[in-house]
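Colleague: Attaching a single structure in structure tokens format; questions to follow.
2 protein chains.
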Amino acid sequence: MELPERKRQILKAIVESYIETAEPVGSKMIAGVFSQPISSATIRNEMSELEELGFLEKPHVSAGRVPSYAAYRLYVDELMESYRVTTGEIERLQAAMRSRLRELDNIMVNASRIVSHFTDHTSVSIVDRAGGASVRKVQLVSVDDMTYAAVFVTENDARSKVLRLPSPLPGNEASLLERALNLAIGQRRLPELVSGLRMMAAPGNGALFLAEKVLEQVRELEGENHSADVYVDGAARLLNNREYQDPEKARDLLDYLSDRKKVGELARDEIPYVVNIRIGPENTDPRLRDVSFVFTAYDLDERTRGIVGVIGPTRMDYARTIARLSAIARQLSRLASGENAKYKLKESGEAHGGK
Amino acid sequence: MELPERKRQILKAIVESYIETAEPVGSKMIAGVFSQPISSATIRNEMSELEELGFLEKPHVSAGRVPSYAAYRLYVDELMESYRVTTGEIERLQAAMRSRLRELDNIMVNASRIVSHFTDHTSVSIVDRAGGASVRKVQLVSVDDMTYAAVFVTENDARSKVLRLPSPLPGNEASLLERALNLAIGQRRLPELVSGLRMMAAPGNGALFLAEKVLEQVRELEGENHSADVYVDGAARLLNNREYQDPEKARDLLDYLSDRKKVGELARDEIPYVVNIRIGPENTDPRLRDVSFVFTAYDLDERTRGIVGVIGPTRMDYARTIARLSAIARQLSRLASGENAKYKLKESGEAHGGK
DNA sequence: GGTTAGCACTCAACTCCCCCGAGTGCTAAT
DNA sequence: ATTAGCACTCGGGGGAGTTGAGTGCTAACC
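Protein chains in written order, with the working numbering: chain A, 9 to 363; chain B, 9 to 363.
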């Protein structure tokens, strides 16, 4: 059941007006914008049908109409015209990205910052190591005899943890331990090694402590429930939107955003390399039920994907947000994995959201 | 010019009432709370004198009075009774801290979380490496031939950075480079080594790139302008206070909090090991001019100090906040540097703030 | 002289009421 | 199918009036 063209045009005009003004849209307002004039009464008839179809809602009887989630969905999928990112914008973007993005550590926090800045929304940046990268080796770097940094090397990344031991461990013992640990890791028998050590050594023993921490960390890195890296930037921008004037609402959302674990779950599903949009109730987390989450994936390297997105009111300017976000993601992908970027968004910036 | 006892009692009562209710305090309200009854007229006389002295302000003529910053200062310095942390609270605190605090990486983020949770305010946690720790050695851990983790070991800490090279660097070259770098670091001639390399190698060369990044990082770690590590937790709690119902204000403050660099400056000055309090305009940053910052320092180890604190409205419950914060800091110090804790707050939790 | 009762005064906040106007739905004419 | 017209709805804005908490001041009291 396709919507007839005029209804589509009217709905489009309503959504755009509401995106711009955040005010309920009345029939006269719409009647004014068409080249070939239509009377407001006609619009009213159309609007009342659109309401029956579930695309519009009335806050109250004399207040004009407001788009429903279904309207945004239709708008995004079929009505919206793509926003063309100007070359000026691209240049500013590239300038902002040029520096500081060689270090993998920084890429997420900077991506997050840039996205927030360029879209003027709150951004999230998530790095998802596919299926828990397997740890290939561990290296113990001595700081002093009570302190070691353990460096965990995976297929394509490394991360370190500084550990303060309960009792000293001389350097030669540490290198023995390191060898043993790596042997065990190679044979996938790390747990056995640790429980063996646990039998031999007193609790509080430095080597045992280290080994336990290493095991713990390996489990964390390899496990399913590894917490993805999450950055949020520009949270304060939420408060720019009139829908969060209510501090109650704003607080709930900020609360959500500070829960990294929860935010990390946003990236749980399969995410295609296009700009995805989850509008209002399409979000699984109830606290996101009246915001929209616009996001995309990019490759950091063969095994690691980044996800960047923005969170804003359902009435956000989707066209512009999508265009800018995809421009950023394209740049990120190129920067991160050299020139063999895998990010292939159609030029138009066209988007089909996924529930 | 000491304030006479009765005025002090009245002022104390006013501050406490305002802390509790956030409503301007009238003379009758106060008249009610004294054991030996005083008429409201008398209170009015006293209040009008306290106003002349600069301790009270009137929002408007018929609205009761509100404490000035000077009143809070006096309250905190002389009037406030210390809050006794209950054993139940201590137990909950210890339980919350018991786990996860062995790892130096985590201590700040957890400290921050715990402080926010136990004080019900927004917390900040800053780690300040005194004077820029000097880097003792660097270790290059190979992930693959295009990717290395550089581990920087200082007197008492280590941190790593994952670097993606523009061109491959075989492992043996990396270990040569590592040796050269460490030699140069030992002789304090790292810049010379790097500029030497720059002459020999083409730009884009892996070793040169690595060396440059290492130099950059060493400079960052040793430099004066090293950015302190900063964590903020519970930012959303700000919105619980009625003074931030105005989204404008709330946003400015949230903005401030997301500027790590600025927040890091909070710890710039010498900070004694007591609970410090900066009330309203005593804060140097203008954006903090009507909040209070309550904070304390604790030792992470010989060279590294942590600062934890909370940011809240000037009308916060100082007694309780101070007591809980100092309890947490005491625990942290003990946990972090074993049993030789340097944190010596007087048992009472007594506090003398410093501008 | 310090304290207090009493009283006039102030002013934000609340309520009540009215009106305006944007917007709707329906009907009848085109 | 479209549109002009009209009655109707209802939120919001703008006084006017009222309330009540609170003040300052004065005069009496101990």
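From the three backbone atoms N, C-alpha and C, an ideal C-beta is built for every residue, glycine too.
Would you list, in chain order, the members of the region 154 to 166 of chain A that have their beta-carbon closer than 7 Å to a beta-carbon of chain B?
Modeller: From the region 154 to 166 of chain A, only Thr155, Ala157, Val159, Val161, Asn164, Asp165 and Ala166 have a Cβ closer than 7 Å to chain B.
Colleague: Please report the straight-line C-alpha distance between A:Val143 and B:Gly96, rounded to a whole angstrom.
Modeller: Working through the first sequence from its first residue, we reach residue 143 of chain A at position 135. Working through the second sequence from its first residue, we reach residue 96 of chain B at position 88. Near 42 Å, if we compare the C-alpha coordinates of B:Gly96 and A:Val143.
Colleague: With 9 Å as the threshold, decide whether the Cβ of B:Asp241 is near any Cβ in chain A.
Modeller: Locating residue 241 of chain B in the second sequence gives position 233, where the first residue counts as 1. It does: the Cβ of B:Asp241 has a partner Cβ on chain A nearer than 9 Å.
Colleague: My output table needs one value for B:Gln225: the three-state DSSP class, helix, strand or coil.
Modeller: Taking the first residue of the second sequence as 1, we reach residue 225 of chain B at position 217. Of the three classes helix, strand and coil, the one that applies to B:Gln225 here is helix, per DSSP.
Colleague: Answer yes or no: do B:Gly242 and B:Ala119 have a C-beta to C-beta separation smaller than 9 Å?
Modeller: The count along the second sequence starts at 1 and reaches residue 242 of chain B at position 234. The count along the second sequence starts at 1 and reaches residue 119 of chain B at position 111. No, the pair does not count as a contact, with Cβ atoms beyond the cut-off.
Colleague: Among B:Arg286, B:Pro199 and B:Met324, which residue has its Cα nearest to the Cα of B:Lys221?
Modeller: Numbered from 1 along the second sequence, position 213 holds the residue referred to as residue 221 of chain B. Of B:Arg286, B:Pro199 and B:Met324, the residue nearest in Cα terms is B:Pro199.
Colleague: Need the endpoints of the beta strand (DSSP E) that B:Thr29 sits in, please.
Modeller: Locating residue 29 of chain B in the second sequence gives position 21, counting from the first residue. Element bounds for B:Thr29: not the beta strand (DSSP E) but the alpha helix (DSSP H), Glu13 to Thr29.
Colleague: Going by the beta-carbon positions, is the gap between A:Leu247 and B:Leu262 smaller than 9 Å?
Modeller: Here residue 247 of chain A refers to the residue found at position 239 of the first sequence. Here residue 262 of chain B refers to the residue found at position 254 of the second sequence. Yes. Within cutoff.
Colleague: Please confirm whether A:Ala158 and A:Leu173 have their CB atoms less than 9 Å apart.
Modeller: Start at 1 with the first residue of the first sequence, and residue 158 of chain A comes out as number 150. Start at 1 with the first residue of the first sequence, and residue 173 of chain A comes out as number 165. Contact: no.
Colleague: Return the Cβ separation of A:Gln147 and B:Val149 in integer angstroms, given the expectation that the two are a contact with Cβ distance under 8 Å.
Modeller: By 1-based counting over the first sequence, the position of residue 147 of chain A is 139. By 1-based counting over the second sequence, the position of residue 149 of chain B is 141. Confirmed, Cβ separation roughly 5 Å.
Colleague: Output needed for B:Arg328: all residues of its chain with C-beta closer than 7 Å, excluding positions within five of it in sequence on either side, in chain order.
Modeller: Start at 1 with the first residue of the second sequence, and residue 328 of chain B comes out as number 320. Once the five neighbours on either side are set aside, the close Cβ partners of B:Arg328 are Tyr91.
Colleague: If we count the other Cβ atoms within 10 Å of its Cβ and call it buried at 16 or more, is B:Gln195 buried or exposed?
Modeller: In the second sequence, residue 195 of chain B corresponds to position 187, counting from 1. When all chains shown are included, B:Gln195 counts as exposed.
Colleague: Determine whether the beta carbon atoms of A:Ser300 and A:Tyr80 lie at a separation below 9 Å.
Modeller: As a working mapping, residue 300 of chain A is identified with position 292 in the first sequence. As a working mapping, residue 80 of chain A is identified with position 72 in the first sequence. Taking 9 Å as the Cβ cut-off, A:Ser300 and A:Tyr80 qualify as a contacting pair.
Colleague: When the Cα atoms are used, what is the spatial distance from B:Asn284 to B:Glu278?
Modeller: Taking the second sequence and counting its residues from 1, the one referred to as residue 284 of chain B is at position 276. Taking the second sequence and counting its residues from 1, the one referred to as residue 278 of chain B is at position 270. So the two alpha carbons sit approximately 11 Å from each other.
Colleague: I'd like to know whether the C-beta of A:Gln102 is nearer than 9 Å to at least one C-beta of chain B.
Modeller: Taking the first sequence and counting its residues from 1, one reaches residue 102 of chain A at position 94. It does not: the Cβ of A:Gln102 has no partner Cβ on chain B nearer than 9 Å.
Colleague: Give a yes or no on whether the minimum CB-CB distance between A:Leu229 and chain B is below 9 Å.
Modeller: The sequence position of residue 229 of chain A within the first sequence is 221, counting from 1. Chain B contact via Cβ: absent.
Colleague: State buried or exposed for A:Met324, treating a residue as buried only when at least 16 other CB atoms are found within 10 Å of its CB.
Modeller: Here residue 324 of chain A refers to the residue found at position 316 when the first sequence is read from its first residue. The residue is buried, with at least 16 neighbouring Cβ atoms inside 10 Å.
Colleague: Expressed to the nearest angstrom, what Euclidean distance is found between the alpha-carbon atoms of B:Leu19 and B:Val271?
Modeller: Indexing the second sequence from 1 puts residue 19 of chain B at position 11. Indexing the second sequence from 1 puts residue 271 of chain B at position 263. Taking the straight line from one Cα to the other gives about 33 Å.
Colleague: Determine, for B:Gln253, whether the minimum Cβ-Cβ distance to residues of chain A falls below 9 Å.
Modeller: Working through the second sequence from its first residue, we reach residue 253 of chain B at position 245. Chain A, which has a Cβ nearer than 9 Å to the Cβ of B:Gln253, makes this yes.
Colleague: Could you spell out the range, first to last residue, of the alpha helix (DSSP H) harbouring A:Asn164?
Modeller: By 1-based counting over the first sequence, the position of residue 164 of chain A is 156. No alpha helix (DSSP H) holds A:Asn164; DSSP gives it neither H nor E.
Colleague: Can you tell me which residues form a DSSP beta bridge with A:Pro294?
Modeller: As a first step, residue 294 of chain A must be located in the first sequence, where it is residue number 286. According to DSSP, which records beta bridges pairwise, A:Pro294 is partnered with nothing at all.
Colleague: What are the start and end residues of the alpha helix (DSSP H) that includes A:Lys145?
Modeller: In the first sequence, the residue the question calls residue 145 of chain A occupies position 137. Careful: A:Lys145 lies outside any alpha helix (DSSP H), inside the beta strand (DSSP E) at Val143 to Asp152.
Colleague: Would B:Arg250 be called buried (16 or more neighbouring beta carbons within 10 Å of its own) or exposed?
Modeller: Here residue 250 of chain B is taken as the residue at index 242 of the second sequence, counted from 1. Under this definition B:Arg250 is an exposed residue.
Colleague: Among A:Leu177, A:Met37, A:Pro12 and A:Glu10, whose alpha-carbon lies nearest the alpha-carbon of A:Ala21?
Modeller: Residue mapping note: residue 21 of chain A aligns to position 13 of the first sequence, counting from 1. Selected option, being the one with the closest Cα: A:Met37.
Colleague: To which residues does DSSP link B:Ala158 through a beta bridge?
Modeller: Residue numbering aside, residue 158 of chain B sits at position 150 when the second sequence is read from its first letter. According to DSSP, which records beta bridges pairwise, B:Ala158 is partnered with B:Leu148 and B:Lys169.
Colleague: Which first and last residues belong to the beta strand (DSSP E) in which B:Pro321 is found?
Modeller: Within the second sequence, residue 321 of chain B is the residue found at index 313, counting from 1. Where B:Pro321 is concerned, the enclosing beta strand (DSSP E) stretches over Thr312 to Pro321.
Colleague: Pull up the CB-CB distance for A:Val33 and A:Ser43, whole angstroms please, since I reckon it's below 8 Å.
Modeller: For the purposes of this step, residue 33 of chain A is taken as residue 25 along the first sequence, with counting starting at 1. For the purposes of this step, residue 43 of chain A is taken as residue 35 along the first sequence, with counting starting at 1. In fact, because the Cβ distance is near 19 Å, the residues do not count as touching under 8 Å.
Colleague: Measuring alpha carbon to alpha carbon, tell me which of A:Ser334, A:Leu101 and A:Ile134 ends up nearest A:Asn114.
Modeller: As a first step, residue 114 of chain A must be located in the first sequence, where it is residue number 106. A:Asn114 has its Cα closest to that of A:Ile134, out of A:Ser334, A:Leu101 and A:Ile134.
Colleague: Kindly indicate if chain B contains any beta-carbon less than 9 Å away from that of A:Gln147.
Modeller: As a working mapping, residue 147 of chain A is identified with position 139 in the first sequence. Yes, contact with chain B.
Colleague: Please compile the residues from chain A whose C-beta is within a distance smaller than 9 Å of the C-beta of B:Asn248.
Modeller: The residue given as residue 248 of chain B occupies position 240 in the second sequence. Pro255 and Arg259, listed in chain order.
Colleague: Could you give the distance in angstroms between the alpha-carbon of B:Glu273 and the alpha-carbon of B:Gln339?
Modeller: Position 265 of the second sequence, counting from 1, holds the residue named residue 273 of chain B. Position 331 of the second sequence, counting from 1, holds the residue named residue 339 of chain B. Each residue's Cα considered, the two are about 25 Å apart.
Colleague: Would you report the Cα separation of B:Pro280 and A:Ala78, rounded to the nearest angstrom?
Modeller: On the second sequence, position 272 is the one that residue 280 of chain B refers to. On the first sequence, position 70 is the one that residue 78 of chain A refers to. About 59 Å.
Colleague: Just to confirm the assignment, what range does the beta strand (DSSP E) spanning B:Tyr239 have?
Modeller: Counted from its first residue, the second sequence places residue 239 of chain B at position 231. Residues Asp237 to Asp241.
Colleague: How many whole angstroms separate the CB atoms of A:Tyr156 and A:Leu218, which I take to be in contact at a CB cut-off of 8 Å?
Modeller: The sequence position of residue 156 of chain A within the first sequence is 148, counting from 1. The sequence position of residue 218 of chain A within the first sequence is 210, counting from 1. With 8 Å as the limit, A:Tyr156 and A:Leu218 qualify as a contact, their Cβ atoms being about 6 Å apart.
Colleague: Just to confirm, is the Cβ distance from A:Leu1 to A:Ala335 under 9 Å?
Modeller: Not covered by the structure: residue 1 of chain A. The range shown for chain A is 9 to 363.
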